[in-house]
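Beneath this line is the structure, given in structure tokens, with notes to follow.
There are 2 protein chains.
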Amino acid sequence: MIPVAEAFARLRDALPDFGTEPVALSDAVGRILREPLRAERDAPPFDRVMLDGVAVSHAALAAGRSRFPVAGLAPAGQPRARLLDPQSVLEVMTGAPLPEGADTVVPVEDLEREGDAVRILDVPEKGQGVHRRASDARVGDEVLPSGTRLRPAALAVAATEGALTLQTARRPVISLLTSGDEVVPPDAQPLDHQIRASHPAALAALLRGFGHCISRHRHAPDDPVLLKALLAEALESAEILLVTGGVSKGSADHVPRILGELGVRGHFHGVAQRPGKPLWCGSRGKQVVLALPGNPLSALTCARRYLIPALDAAMGALPEPPPLVRPLTPPAPHPTLATFRPLRVTSEGWEWVIPPNSGALHVPALTQGFLECPPGFSPPDLFPFYAWT
Amino acid sequence: MIPVAEAFARLRDALPDFGTEPVALSDAVGRILREPLRAERDAPPFDRVMLDGVAVSHAALAAGRSRFPVAGLAPAGQPRARLLDPQSVLEVMTGAPLPEGADTVVPVEDLEREGDAVRILDVPEKGQGVHRRASDARVGDEVLPSGTRLRPAALAVAATEGALTLQTARRPVISLLTSGDEVVPPDAQPLDHQIRASHPAALAALLRGFGHCISRHRHAPDDPVLLKALLAEALESAEILLVTGGVSKGSADHVPRILGELGVRGHFHGVAQRPGKPLWCGSRGKQVVLALPGNPLSALTCARRYLIPALDAAMGALPEPPPLVRPLTPPAPHPTLATFRPLRVTSEGWEWVIPPNSGALHVPALTQGFLECPPGFSPPDLFPFYAWT
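The listed protein sequences derive, respectively, from chains A and B. Counted from 1, the first sequence has number 224 at position 224 by our numbering; the numbering is strictly sequential. Numbers given in our numbering equal positions in the second sequence, counted from 1, plus 389.
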């Protein structure tokens, strides 16, 4: 058994670069940018009025006068106006170019109207109320680095630059092969000794929540010959193949052996963790196979802990370590195994829960994610948190 | 100005119930369940073998014997087998029904094969290795309460119950009206005094990240007559109308007045917060209008802080308070205003950043969300965190 960090590193290092694809700005939320975005113009492109008020020459203000005639209006959306007489002011609107001859904006809150003039109640500092041309970025500057995860503010930046199409990380083709003779599909009526499949729904939802999808799902019976045929078929097209079950030590757990026969070279089998000890990982060329434990909570936890961040890394995302959180009560660590503990948010803080058994998802279903508690006897104060979505 | 919590409560209380709609299990991730899901069968539906190994009668083990003949195999997916002779064992596979006459499973790790017999190396407790029928839920029990957010584990539970269609919260029809004469669309080449629109991209991405969408977007010039016509048109169909800009105190900020003329009754105008002070909210019947400040970071922050959780509440979601996090350095509070601080995750922990000015999104673009720092002089240790997606 290898430690969690080592297992993660081996999976991450096994994944290839899946290349890039262009995506429309309007569809790019959650995508990973794969080219630096550069400023097409200075940002802002002109000295920009930041508040409604009047534009003044600070020198005139500094001379001690407080009453100024209003010489006109400089609205937003109009070419730059000009303050011809520095002893007057121009009314300006947020977003307007600062009039030539003015250098400061006095906000309406600090003004009193007196007919065609204004009285300035509070003398601002020079330059106040002006968002200076190029103060955020100069033309050509990198405004979003390659690897940026395209959240709302990043897409606002892209929209400002007129970047209607963005070069983003392509997502790999992921296939899922589940197994188990006792399992029937969710739309079937199970016999007394059967249960309905839950892995496909859970793993598809997990992947979808992180922007991926399962392109293809097949279910294999517990028959080595058929299992091998279905694994071989899945490996014809999958870039990533997820397998559930068949990796623990029982007599019917043939997956690692059969994968070996199909040319998949193992990177690890067994991780010092609970749940999810039997996790297996291997590669055939650029194809990566991750064989998840059959237990539903183990499979979900392993997919979230290993696959999602490894995909992020392979897709070139800037590192975003999992947030560190402090649970209300520190979980007791296991001496040698990392333990993953479902966690829910309450009004008091983060609270971990104990599923009644490793097969039941009713309790984890009401959690927001899980904590990773490292092995050892003196637990730290803060633990990495992995959200389910 | 009212406090943040009061503004949130007024918006939340103004929103109606948007009703429910059926959604396929495969499309339900992120949705809010609006009916309790009940167990169709006991869970598990039979005494289920949890590990590969042998099924035994514990009484025979307790009598001190350690070597037992293997009487046969009880695989998963087959009707319940029977251990005829309690002095023998049956080989069992994970997922199989526990054979009649057996009560305990000894895992393969604790066995040694000796021809047609096994030697049991470690005597388990009675009942070990068996996931007891109905130990998670009895038929008819509520396994997911109404209001559950459908994350992967919840969808696994739904799949197990054969719930192929789920009654979920319907999402409201959201319209967006932006304004500003200086703004051109992202696909236009701006003149020197113009900038490209960023609000629509940012707000659409924010809403999409939380499962919503903007059904309709119009841009209004800074002309009260046209603005009123476009507001009236938007109110013909929107259940929620977002407006950006036009709510601060300047001469061109007509939105609250015009909305009043259109029969929209104000709930608040001005919140003790930075950024986002001028936030405005009102209702016309069941329609709700949220007028966001024109500053891009303010608009995004207000939409995330108020609209997203208020929609969750209106859609019947079980409360999920924002997680409380401890930043690496405590932000200095403002004496009277709540401050929202963009936050990024680093390998050391949570670090807040200061945007160089209120108009620039380059710095917030690389953050994961923001902290809410309450007003006052003694900052708490932990602050609510609102993720951008």
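All C-beta atoms in this analysis are idealised placements derived from N, C-alpha and C, irrespective of residue type, glycine included.
{"query": "If you measure beta-carbon to beta-carbon, which residues of the stretch 71-103 of chain A are closer than 8 Å to chain B?", "result": "75, 76, 77, 78, 79, 80, 91, 93, 94, 95, 96, 97"}
{"query": "Tell me residue 208 of chain A's beta-bridge partners as DSSP assigns them.", "result": "Residue 208 of chain A pairs with nothing; no bridge assigned."}
{"query": "In chain B, what lies closer than 8 Å to residue 321 of chain A by C-beta?", "result": "734, 735, 736"}
{"query": "In the DSSP assignment, find the beta strand (DSSP E) that holds residue 88 of chain A and state where it starts and stops.", "result": "Counting along the chain, residue 88 of chain A falls outside any beta strand (DSSP E), and DSSP gives it neither H nor E."}
{"query": "Shorter than 9 Å from the beta carbon of residue 26 of chain A to some beta carbon of chain B?", "result": "yes"}
{"query": "State the start and end residues of the unbroken alpha helix (DSSP H) segment that holds residue 689 of chain B.", "result": "685-691"}
{"query": "Could you please give me the residues that DSSP links to residue 73 of chain A through a beta bridge?", "result": "A:91"}
{"query": "Which residues, in order along the stretch 171-186 of chain A, keep a beta-carbon less than 8 Å from a beta-carbon of chain B?", "result": "180, 181, 182, 183, 186"}
{"query": "With DSSP as the reference, label residue 152 of chain A as helix, strand or coil.", "result": "helix"}
{"query": "Would residue 16 of chain A pass as a contact of residue 317 of chain A if the rule is Cβ separation under 9 Å?", "result": "no"}
{"query": "Just tell me which of A:225, A:85, A:226, A:128 has its CA closest to the CA of residue 103 of chain A.", "result": "A:128"}
{"query": "Only counting runs of 3 or more residues, tell me where the beta strand (DSSP E) segments fall wholly within the stretch 226-269 of chain A, in order along the chain.", "result": "240-244, 265-269"}
{"query": "Determine, for residue 550 of chain B, whether the minimum Cβ-Cβ distance to residues of chain A falls below 9 Å.", "result": "yes"}
{"query": "At which residues does the alpha helix (DSSP H) containing residue 4 of chain A begin and terminate?", "result": "4-14"}
{"query": "For the beta strand (DSSP E) containing residue 421 of chain B, name the first residue and the last one.", "result": "Segment: none, residue 421 of chain B is in no beta strand (DSSP E) and carries neither H nor E."}
{"query": "Show which residues of chain A have a CB atom less than 8 Å away from the CB atom of residue 517 of chain B.", "result": "Neighbours of residue 517 of chain B on chain A: none; closest Cβ ~12 Å, over 8 Å."}
{"query": "Just the C-alpha distance for residue 448 of chain B and residue 357 of chain A, rounded to the nearest angstrom, thanks.", "result": "24 Å"}
{"query": "For residue 350 of chain A, which residues in chain B fall below 9 Å Cβ to Cβ?", "result": "712, 713"}
{"query": "Just the chain A side, please: which residues come within less than 7 Å of residue 586 of chain B by C-beta, in chain order?", "result": "159"}
{"query": "Would the beta-carbon of residue 390 of chain B fall within 9 Å of that of residue 666 of chain B?", "result": "yes"}
{"query": "Please list the partners that residue 340 of chain A has in chain B, where partner means a Cβ-to-Cβ separation under 8 Å.", "result": "Going along chain B, no residue has its Cβ under 8 Å from residue 340 of chain A, so there is no contact; the nearest lies around 13 Å."}
{"query": "In its own chain, which residues sit with a C-beta less than 8 Å from the C-beta of residue 101 of chain A, not counting the 5 before and 5 after it?", "result": "57, 82, 83, 84, 86"}
{"query": "At least one CB of chain A closer than 9 Å to the CB of residue 399 of chain B: is that the case?", "result": "no"}
{"query": "May I ask you to list, following chain order, the residues of the stretch 45-64 of chain A that have a beta carbon less than 8 Å from some beta carbon of chain B?", "result": "45, 46, 48, 50, 51, 52, 53"}
{"query": "Using a beta-carbon distance below 9 Å, is residue 122 of chain A in contact with chain B?", "result": "no"}
{"query": "Using beta-carbon positions only, say whether residue 397 of chain B and residue 628 of chain B come within less than 9 Å of one another.", "result": "no"}
{"query": "Let me know the secondary structure DSSP gives residue 135 of chain A once reduced to three states.", "result": "coil"}
{"query": "Please list, in chain order, the chain B residues whose beta carbon lies closer than 9 Å to that of residue 380 of chain A.", "result": "Neighbours of residue 380 of chain A on chain B: none; closest Cβ ~12 Å, over 9 Å."}
{"query": "Let's test the definition: count the other Cβ atoms within 10 Å of the Cβ of residue 454 of chain B and tell me whether it reaches 16, buried, or not, exposed.", "result": "exposed"}
{"query": "Which runs of the alpha helix (DSSP H) spanning at least 4 residues fall entirely within the stretch 291-368 of chain A, listed in chain order?", "result": "296-302, 308-314"}
{"query": "Under 9 Å between the Cβ atoms of residue 74 of chain A and residue 45 of chain A?", "result": "no"}
{"query": "For the alpha helix (DSSP H) that residue 447 of chain B lies in, which residues bound it at each end?", "result": "447-451"}
{"query": "Could you check if residue 700 of chain B is buried or exposed, using at least 16 other CB atoms within 10 Å of its CB as the buried criterion?", "result": "buried"}
{"query": "Would you verify that the beta carbon of residue 672 of chain B is, or is not, closer than 9 Å to some beta carbon of chain A?", "result": "no"}
{"query": "Quick check on residue 182 of chain A: buried or exposed, where buried means 16 or more other Cβ atoms within 10 Å of its Cβ?", "result": "buried"}
{"query": "Excluding the 5 residues preceding and the 5 following residue 200 of chain A in the sequence, name in chain order all residues of the same chain whose CB lies nearer than 7 Å to its CB.", "result": "176, 178, 217"}
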